[in-house]
Amino acid sequence: MNTFDYLVIGLFSLIVLAVGLLFAREKDMKSFFAGGGSVPWAMSGLSLFMGFFSAGTFVVWGAIAYEYGAVAIGIQWTMCVAGFLVGKFIAGKWHQTGALTAAEYLRYRFGDSTQKLFTYIFLFMSLAYTGAFLYPVAKIISVSMDVSVYRCIVVLGLFMILYTTLGGLKAVMVTDVLQFIILTCAILVVLPLSFEEIGGVQALFGKAPEGFFAITNEKYNPLFLFSFGIYNAIFLGGNWAYIQRYTSVGNRKAAKKVVYLFGCLYTFSPVLWMLPPMLYKLIDPNLSGLDMEGAYLLICQKVLPAGMLGLMIGGMLYATASSVNGALNISAAVITNDIVLRILPQLKGKQLIQVARLATILCGCCAIGVALLVPLAGGIVNVILSISAVTGVSLYGPPIWSLFSKRLSGKGFISITSVSLLINISLKFAPAFMNWGGLNRAEEMLFGVLIPLVLLTTSEIYYSLVKSIAETRVPEIAIRRAEVEEAGQTNAFSLRVMSYSLTAVGVLLASIALLASAGTMYLLVLSVLIFGLSYFVWTKSKIEAKQKTKALETA
389 MNTFDYLVIG
399 LFSLIVLAVG
409 LLFAREKDMK
419 SFFAGGGSVP
429 WAMSGLSLFM
439 GFFSAGTFVV
449 WGAIAYEYGA
459 VAIGIQWTMC
469 VAGFLVGKFI
479 AGKWHQTGAL
489 TAAEYLRYRF
499 GDSTQKLFTY
509 IFLFMSLAYT
519 GAFLYPVAKI
529 ISVSMDVSVY
539 RCIVVLGLFM
549 ILYTTLGGLK
559 AVMVTDVLQF
569 IILTCAILVV
579 LPLSFEEIGG
589 VQALFGKAPE
599 GFFAITNEKY
609 NPLFLFSFGI
619 YNAIFLGGNW
629 AYIQRYTSVG
639 NRKAAKKVVY
649 LFGCLYTFSP
659 VLWMLPPMLY
669 KLIDPNLSGL
679 DMEGAYLLIC
689 QKVLPAGMLG
699 LMIGGMLYAT
709 ASSVNGALNI
719 SAAVITNDIV
729 LRILPQLKGK
739 QLIQVARLAT
749 ILCGCCAIGV
759 ALLVPLAGGI
769 VNVILSISAV
779 TGVSLYGPPI
789 WSLFSKRLSG
799 KGFISITSVS
809 LLINISLKFA
819 PAFMNWGGLN
829 RAEEMLFGVL
839 IPLVLLTTSE
849 IYYSLVKSIA
859 ETRVPEIAIR
869 RAEVEEAGQT
879 NAFSLRVMSY
889 SLTAVGVLLA
899 SIALLASAGT
909 MYLLVLSVLI
919 FGLSYFVWTK
929 SKIEAKQKTK
939 ALETA
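Numbering (my numbering), first residue to last: 389 to 943.
What follows is the structure, given as structure tokens:
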């Protein structure tokens with residue numbers, strides 16, 4: 389990268405930080421953690437997509453795409469199926485509870501003791517996820533700037549703590565939309581330039597290794613895809629950070645639309661995003677080990693003009709950071725609402741916001757520590773897939789089950805979570821001490837999915853036979869939907885911030901186009917489209933504000 393690229397990254401960082409500062413005015417818990425219950429479903433859906441999609445795409449799935457080809461596309465198509473399943477059966481259920489966080493729902497559903505125990509388990513496991521998500525961001529910067537990955541982890545971790553601490557959930561969502569637009573524009577430039585580099589589309593089919601276009605192979609076989617698909621549906625439907633995307637919109641129908649949009653985007657995006665690292669395999673087939681994690685950045689460095697490379701890296705950086713931001717936000721929400729507030733119930737308003745920000749800092753520092761350990765654990769591919777198999781369904785399956793079952797008691801809830809985690813962890817690590825080869829990737833994922841589901845099914849059958857119904861508490865939290873008084877105004881403000889941000893990005897893209905050595909016309913057309921989108925969003929904000937004013941006048 390050259391000086392212009394660094395300048396673009398710096399300017400884009402200022403835009404992102406400015407969004408956080410604008411949303412620093414959030415004064416209450418509902419606004420800071422749930423966006424005031426007024427986030428547009430399209431914004432929430434794009435935020436869900438970027439938070440789920442970006443954490444592993446550029447590094448984890450990019451490495452698999454470089455090594456195995458279309459297998460990475462097949463793996464990600466399971467996320468498309470998961471999105472439609474969650475939209476049909478789960479997202480609306482979460483919104484219907486009216487809860488601010490999943491932990492709050494669990495307290496009213498199962499009681500204080502169950503909620504506290506599960507919260508502690510969740511926080512411990514969540515830090516592992518957050519640290520694993522932070523590592524790809526650092527890897528991107530490390531490859532592009534030739535800086536130690538450990539130094540990048542610390543610096544980027546501190547920046548993300550600052551950003552999430554300032555703005556809360558809406559700041560995360562608005563910048564998620566920006567990243568989606570930037571990366572969509574960038575891929576429309578990267579792809580044609582990459583094909584030019586290898587000699588056209590025909591060269592891809594003529595030079596690709598044997599089996600490069602198969603969506604399964606021996607390691608990632610159909611059994612793995614089936615198990616991973618079930619895992620994704622449960623992870624998407626039960627992860628506390630993603631649940632915020634369903635509860636932060638206005639109604640149940642909007643919550644369903646959030647995940648349907650996610651599923652639609654995952655229908656075609658895996659093909660677009662996995663082609664660059666696949667093409668780089670034809671340019672340099674000699675990467676191995678941890679070096680394969682940088683394949684995505686290497687192809688961008690090779691084909692993109694100065695300035696555009698910086699914008700692409702900036703977009704990748706903050707898109708991947710979305711997962712970290714969302715995880716920090718929900719972890720801080722759990723600590724604030726479900727631990728501190730229970731101990732110090734007298735805290736109100738700004739005091740709670742300060743506690744939330746301190747909790748964000750604490751969780752962020754722990755995540756930095758976990759990320760520093762990733763290279764020692766064999767790289768991010770092994771870490772992400774192992775954490776997914778061992779913890780995913782065990783943690784997120786029981787809460788989803790409780791949305792549909794009246795028979796799952798608090799005791800059964802904790803027992804099933806603990807036992808399934810213990811069994812899966814034992815299957816993962818016991819072979820090292822018993823001179824046993826252990827489970828392959830597909831078997832590890834299958835057992836991780838089946839064990840908690842078998843335990844949940846067994847519990848349901850047992851209690852149905854003894855005719856025992858767990859106490860179902862009437863959630864007083866459901867009335868919170870009626871407590872959101874300024875939703876229209878905060879919604880209009882969010883749209884205005886997005887409009888201003890899009891204008892700034894459009895100016896930045898147009899400037900790059902005028903100085904670019906290649907792809908100038910693509911960049912100019914895209915900048916004009918962004919200006920048009922900015923005007924549309926600004927107009928929408930005016931309409932929202934007028935509707936709210938009219939509603940107040942007639943009230």
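Even for Gly, the Cβ is constructed at its ideal location relative to N, Cα and C.
For residue 894 versus residue 696, is the C-beta spacing smaller than 8 Å?
Result no, Cβ atoms of residue 894 and residue 696 do not sit closer than 8 Å.
If we call anything under 8 Å between Cβ atoms a contact, is residue 450 one with residue 683?
yes
Nearest-angstrom Cα distance between residue 585 and residue 780?
40 Å
According to DSSP, is residue 795 part of a helix, a strand, or is it coil?
coil
Rounded C-alpha distance that separates residue 507 from residue 803:
14 Å
Based on Cα-Cα distance, which residue from 785, 686, 718 lies nearest to residue 534?
686
Please list the terminal residues of the continuous alpha helix (DSSP H) segment that includes residue 672.
Note, residue 672: premise wrong, no alpha helix (DSSP H); not H, not E.
Could you tell me which of 562, 461, 483 sits nearest to residue 409, measuring between CA atoms?
562
Go ahead and pull the three-state DSSP assignment for residue 700.
Here residue 700 sits in helix by DSSP.
Taking just the CA atoms, how far does residue 891 sit from residue 378?
The question about residue 378 has no answer, for the chain in this structure spans 389 to 943.
Use the C-beta contact count for residue 485: other C-beta atoms within 10 angstroms, 16 or more gives buried, fewer gives exposed.
Buried: at least 16 other Cβ atoms inside 10 Å.
Is the stretch 779-798 touching the stretch 494-503, taking contact as three or more C-beta pairs under 8 Å?
They touch, by the three-pair rule.
For residue 429, I'd like the list of residues in its chain whose CB is within less than 7 Å of its CB, leaving aside the five on either flank, ordered along the chain.
637, 642, 645, 646
Where does residue 868 sit, in a helix, a strand or coil, going by DSSP?
Per-residue confidence for residue 868 stands at a pLDDT of 48, beneath the threshold of 50, marking its modelled position as unreliable; the derived number appears in the next sentence. DSSP, reduced to helix, strand and coil, places residue 868 within a helical segment of the structure shown.
How is residue 668 classed by DSSP in three states: helix, strand or coil?
helix
Report the option in 818, 786, 659, 897 whose CA atom is closest to the CA atom of residue 846.
786
Could you compute how far the alpha carbon of residue 424 sits from the alpha carbon of residue 790?
Reliability of the predicted coordinates at residue 424 is poor, the pLDDT of 49 falling under 50, and no value is obtained from them.
Buried or exposed: where does residue 770 fall if 16 or more other Cβ atoms within 10 Å of its Cβ makes it buried?
exposed
What residue does the alpha helix (DSSP H) around residue 427 start on, and which one ends it?
Element bounds for residue 427: n/a, residue is neither H nor E.
N- and C-terminal bounds of the alpha helix (DSSP H) containing residue 485
479-485
Selection from 404, 395, 532, 399 that minimises the alpha carbon distance to residue 706
404
Residues near residue 880 by beta carbon distance below 6 Å, same chain, minus five either side
929, 932, 933
Could you pull the start and end residues of the alpha helix (DSSP H) that residue 833 belongs to?
829-853
So the candidates are 772, 622, 575; which of them puts its Cα closest to the Cα of residue 452?
Comparing Cα-Cα distances from residue 452 to each of 772, 622, 575, the minimum goes to 772.
Note down, in chain order, each residue of its chain lying with its Cβ closer than 6 Å to the Cβ of residue 765, except the 5 sequence neighbours on either side.
771
Which of helix, strand or coil DSSP assigns to residue 393:
DSSP places residue 393 within a helical segment (H, G or I) once states are collapsed to three.
Thinking C-alpha only, which one of 740, 712, 814 is nearest residue 519?
712
Is it right to say residue 514 is buried, meaning 16 or more other beta carbons lie within 10 angstroms of its own, or is it exposed?
Buried: at least 16 other Cβ atoms inside 10 Å.
Segment contact, 8 Å Cβ cut-off, at least three pairs: the stretch 457-474 with the stretch 593-612:
The stretch 457-474 is in contact with the stretch 593-612.
Residue 620: first and last residue of the uninterrupted alpha helix (DSSP H) it sits in
Per DSSP, residue 620 belongs to the alpha helix (DSSP H) from 610-626.
Pairwise C-alpha distance: residue 589 and residue 751:
46 Å
Same chain, Cβ closer than 7 Å to residue 438, five either side skipped, listed in chain order
Closer than 7 Å at Cβ, skipping near neighbours: 564, 567, 568, 707, 710.
Only counting the same chain, and skipping five residues up and downstream in sequence, which positions put a Cβ closer than 6 Å to that of residue 691?
581, 582, 585
Rounded straight-line distance, which links the Cα of residue 574 to that of residue 887:
Roughly 20 Å separates the two Cα atoms.
Buried or exposed: where does residue 597 fall if 16 or more other Cβ atoms within 10 Å of its Cβ makes it buried?
The residue in question, residue 597, is exposed, as its Cβ has fewer than 16 Cβ neighbours within 10 Å.
Closer than 8 Å by C-beta to residue 619: which residues in its own chain qualify, once you throw out the five before and the five after it? Chain order, please.
776, 777, 780, 781, 833, 836, 837
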